[in-house]
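Have a look at the structure below before the remarks.
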Amino acid sequence: MSQAHTNRVDMSAVSNKATHGSASIDSSNYGGGGSEMFNCPESVAYTEHIDYPTSTGVRHHEEQLSSTGTYQSKDVDKRNDGSEHIHRVYDNPNTDTRVERDIERRGDGSITHVHKMYRNATTGDGL
Numbered sequence: 001m002s003q004a005h006t007n008r009v010d011m012s013a014v015s016n017k018a019t020h021g022s023a024s025i026d027s028s029n030y031g032g033g034g035s036e037m038f039n040c041p042e043s044v045a046y047t048e049h050i051d052y053p054t055s056t057g058v059r060h061h062e063e064q065l066s067s068t069g070t071y072q073s074k075d076v077d078k079r080n081d082g083s084e085h086i087h088r089v090y091d092n093p094n095t096d097t098r099v100e101r102d103i104e105r106r107g108d109g110s111i112t113h114v115h116k117m118y119r120n121a122t123t124g125d126g127l
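Rendered as C-alpha cells:
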C-alpha cells in the first residue's frame with residue numbers, strides 16, 4: 001500500500017454509519033470538515049472523501065482501492081489566496097505501475113508547475 005495510507009486523519013469525532021447488505025457507508029465531522037467512506041468487506045474495496053480546514057485553507061482528500069488492488073488518491077490543498085496544490089497517486093500492483101503527479105495552480109487557474117514520476121517494472125521505465 002501507498003504511504004498515503006499511513007497519513008490518515010482521525011475522523012472519529014462524530015460518526016454516522018449506514019449499511020447496505022454487507023457494505024457500509026460512514027460519514028463523520030472533524031474540525032469543521034467532513035468525510036465519507038464506503039467499504040465492501042468481501043472485496044476490501046473502499047472509497048473515502050475527506051474535507052477539513054488547514055492553517056492556509058482547506059484540504060480535500062480522495063482515496064480509492066478497487067477490488068483488484070488498484071489504489072488511487074488525490075489531495076487538493078486549496079489555499080486562501082485561491083491557489084492550489086494537487087497531488088495524485090495511481091498504483092496498480094497487477095501491472096506494477098505507479099504514477100505520482102504534483103500540480104501547482106495559481107488563483108487565476110493557470111498552471112505554474114507540473115511534476116510527474118512513474119514506474120513500470122515490466123518495461124523498466126520510470127524512477
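Note that the UniProt record's numbering has the sequence shown beginning at 1, numbered continuously upward.
Even glycine gets a Cβ: it sits at the ideal position worked out from N, Cα and C.
{"query": "Of the residues R79, T97 and D96, the one placed nearest residue 129, counting alpha carbons only", "result": "Absent from the model: residue 129. The displayed extent of the chain is 1 to 127, so no value can be given."}
{"query": "Alpha-carbon spacing of A45 relative to E63, whole angstroms", "result": "11 Å"}
{"query": "P41 and G69 closer than 7 Å at C-beta", "result": "no"}
{"query": "Paired residues, beta bridge with T47 - DSSP", "result": "F38 and Q64"}
{"query": "Assigned secondary structure, D77 (DSSP; H/G/I helix, E/B strand, else coil)", "result": "strand"}
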